Amino acid sequence: MEKKDLLSNIYSACSLGVQLIPPTLLCDSIGSIGLKDPLVVKPDTTLAECIATLQRHKVGSLLVVDDDGKLAGIFTERDCIMKVMGKVDSLKDAIVSDFMTKNPVRERPEASIAFALNLMSHGGFRHVPIVDQDDVPIGIVSVKDVVDHIVTRMLEAIYAACETD
Amino acid sequence: MKVAHRAEKDAFIVELSISDDRLKLFAHITPKADFKAAREEDLLKEISAITPSDLIDRMVVWDIITELRQGKGCESRRVAKGVSPVPGKDGKLVWLVRRFSPGKIEDTEREFVDFFTLGLFENIAKGREVARIYKPTQGLAGRDVVGKLIPTRTGRPAGTRFDKTIEARVDDDQEAYTTLLAAIDGYVHDEGGKFTIRDVLNVSGNLDYGMGHVDFIGNVRVVGDIQKGFNVKARGSIEVLGSVLGENVLTSESSISIKGFHYGGPGSFLSAKGDYSVDTAEKISTEVGGNILVGREARDCSLHSSSAVIATRAAIIGGSVWCVKGFEGRIVGNEIGVKTDIELRNELEVTREYRKLSDNIQKHRAAAAALELHIGPYLKNRNRVPLLRNQFRDKMMMLLDKYDQVQKALEHLESLEKKMREGKPLELEARINVTEKAHAGAVFRTGDAMLELKDPVQGPASFKPTDDRKAWSTVPYQDLTKE
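Here the protein sequences line up with chains A and R, keeping their order.
With the first letter of the first sequence counted as 1, position 126 gets the number 126 in our numbering; the numbers rise by one all the way through.
With the first letter of the second sequence counted as 1, position 38 gets the number 38 in our numbering; the numbers rise by one all the way through.
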């Protein structure tokens, strides 16, 4: 759907009183967003490799796991800007464990979207790692993922309203 | 430790021992008189006799020889190291959604419990990912110091059992996990370790603080009562085997059935796309797409149906009934003559747009009446308005302008209403049937026609409006339920 059509549909849905965002949306679990497999690296990975991985996969964060595969830290593009740029002489010699955010706030996939958004808002994070019962990362949720999910559900509501009204 | 090898050379005596876990080889070196002639090759040769050369720690061997040449022996220096086995990881099941946990009331997210919104389950739409089964890993075999393989434990698969309502999707054999998808709409239920998606939410007792409001994607069945203030929304049907105790909002995209008593009261509402059946109802307000079936009695209810209202064995006392295909009741009204409205409407008149339009007309009429009160005699004597003092005159002009606007809008809305009324004829066989008695106070309406009973009418009797909906006539009784 083109942006113009989308907007006109949204306006007409609003005028019809169609509920664009289902009230239970924020109560859905984070797992319903469709978790993507996280990119994980070991703590002794060099910054050069980490940045190359971020560039190659066009993502904004990497999860750092220990030998048991458990979450040890997160390295994001923000860490890259705040801690690395202009401060590290050789990216090949520096390792990620010295620059990552250690023990980041993590969530289980059954947690609600509302809770994740609240975490992001209060904590100022843009990424929340999702871990299983053994603290092993199974995904990562970014603000963009949540926004995309809300827009998808909104479009579904519009299409459903167009079918019935 | 166990001695595995002993040798005597010109410069030293070597004794090699293997640790109990067979992963380390220790050397015990005793220098001889000719210790200065000690050679690294000699020691390496003896060690290589029992251990593969890649496991030998050459730096240690070199150090031993260096010290030996100075006349120093050594006690238990580790000269070789095996490779520990890495056990395989067990497979595991990771849930991506909340499973139904009846009676489990905890809320770590909000740090308080709202008993109305417990969220004990999550609606799962067909095709949605519900869980992942991570595959077990093989593990890596180790090697002891003599080069023999040490077997490792392979991870055990996750013992997950699920029925056909959950489908496994294997996109890629190399993937670390298998995704489980919902094959039907419903919620995930744990039946003693076997997982299933249930499309019927069965509330075994009362729907109360133990369950909270229900908003479910499938059918809902409540074995007990729905307590006061609890709402149920279901995409499928709602079945209540007990009673509904008031101030509830019940919404279904299918049918609603209440076996017991349904009390509405303030703030209550019932909406169903299919049929609604109830044994006894009081002060309920409904908007039903299918038939409304009353078992024993409906008192002071607004029963609005886009089909028929059937109360063949029931009494309808007070309130109003709107129906399209007809009404059939045993008793209408009561001995004291309570006003009971039964109205036949066409298909358009029961739509939401028509109701909105009717409400709008009512609001305009009320506004016009209020303006008439304000304006008073100047409404009919507009020519006297210029005689008023400036300030009062302007105000009166403004009020008259507003009144004209309201009247114009009202005329427009009334013409729309008329168009909608005339847009669809009444159902051919639509009529009002009374099988036992219609008391005085019963009012039958359709379009502009109104029949208010001044005296009781004994049944069976049928009342049918004329085609132009301007008058009512009595016709021979014909059972509505047989059609």
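We put the CB at the ideal spot given by N, CA and C, even for glycine.
Note that the coordinates shown come from a computational prediction; the quantities given were computed from them, not determined experimentally.
M398(R) counts as exposed, since fewer than 16 other beta carbons sit within 10 angstroms of its beta carbon. Proximity of D135(A) to chain R, defined by a Cβ-Cβ separation below 9 Å, is not satisfied. Linking E75(R) to A27(R) through their CA atoms gives a straight-line distance of about 7 Å. Per DSSP, the beta bridge partners of V65(A) are L71(A).
If you compare the alpha carbons of G267(R), I258(R), K283(R) with that of Y276(R), the shortest gap goes to I258(R). Taking C-beta separations shorter than 7 Å and ignoring five residues to either side along the sequence, the partners of G423(R) in its chain run L348, following chain order. Residue environment for A471(R): exposed (fewer than 16 other C-beta atoms within 10 angstroms of its C-beta). Membership of N118(A) in the alpha helix (DSSP H) is indicated by the continuous run 113 to 123. By alpha-carbon distance to A461(R), the top candidate from A37(R), L250(R), R330(R) is R330(R). Neighbours of G123(A) in chain R, taken as residues at a C-beta separation under 8 Å, are lacking, since the least C-beta distance is about 14 Å. Within chain R, no residue has its CB atom less than 8 Å from the CB of I150(A), the nearest being about 16 Å off. The beta-carbon distance between V130(R) and L96(R), rounded to whole angstroms, is 6 Å. This is short enough to meet the 8 Å contact definition.
Per the Cβ contact rule, the region 191 to 209 of chain R is in contact with the region 220 to 234 of chain R (3 or more Cβ pairs under 8 Å). One alpha carbon belongs to S271(R), the other to G246(R), and they sit about 15 Å apart.
Here DSSP, grouped into helix, strand and coil, assigns E427(R) to coil. Taking a cut-off of 8 Å for Cβ pairs, the region 436 to 447 of chain R and the region 332 to 342 of chain R touch, as three or more such pairs fall below it. P104(A) is outside the set of residues whose beta carbon lies under 9 Å from a beta carbon in chain R. Residue-level contact check: R132(R) touches chain A, since one or more beta carbons of chain A fall below 9 Å from its beta carbon.
Shown here for C50(A): same chain residues with a beta carbon closer than 7 Å to its own, the five before and five after excluded, namely V41, L62, F75, V96 in chain order. Exclusion of the five residues before and after Q138(R) leaves G88, T154 as the residues of its chain whose Cβ lies within less than 7 Å of its Cβ.
With the criterion set as a beta carbon lying under 7 Å from some beta carbon of chain R, the members of the region 83 to 116 of chain A are P109, E110, A111, S112, F115, in sequence order. Judged by beta-carbon spacing, N291(R) lies within the 9 Å limit of I310(R), meaning their Cβ atoms are closer than that value. DSSP places V222(R) in the strand class (E or B) of the three-state scheme.
By a beta-carbon distance limit of 8 Å, E167(R) contacts L181(R). Their separation comes to about 5 Å.
Look at Q133(A) here: in three-state DSSP terms it is coil, with no helix or strand label. In this structure, the straight-line span from the alpha carbon of I432(R) to that of P465(R) is close to 9 Å.
Uninterrupted beta strand (DSSP E) stretches at least 3 residues long and entirely within the region 48 to 106 of chain R occur at 74 to 81, 92 to 95, given in chain order. Against chain R, a Cβ distance below 7 Å from S61(A) picks out nothing, because the smallest value is about 20 Å. Contact with chain R is found for S32(A), since one of that chain's Cβ atoms lies less than 9 Å from the residue's Cβ.
Assignment of beta strand (DSSP E) within the region 271 to 321 of chain R, counting only whole runs of 3 or more residues, yields 276 to 282, 285 to 288, 292 to 305 in chain order. When D66(A), G60(A), L25(A), S32(A) are compared, the shortest CA-CA separation from R128(R) is found for S32(A).
Per DSSP, reduced to three states, the secondary structure at P377(R) is helical.
The region 293 to 306 of chain R and the region 321 to 329 of chain R touch, with three or more beta-carbon pairs separated by less than 8 Å. When the Cα atoms are used, L428(R) and K228(R) turn out to be separated by approximately 41 Å. Put simply, the CB of L35(A) is near chain R, with a gap under 9 Å to one of its CB atoms.
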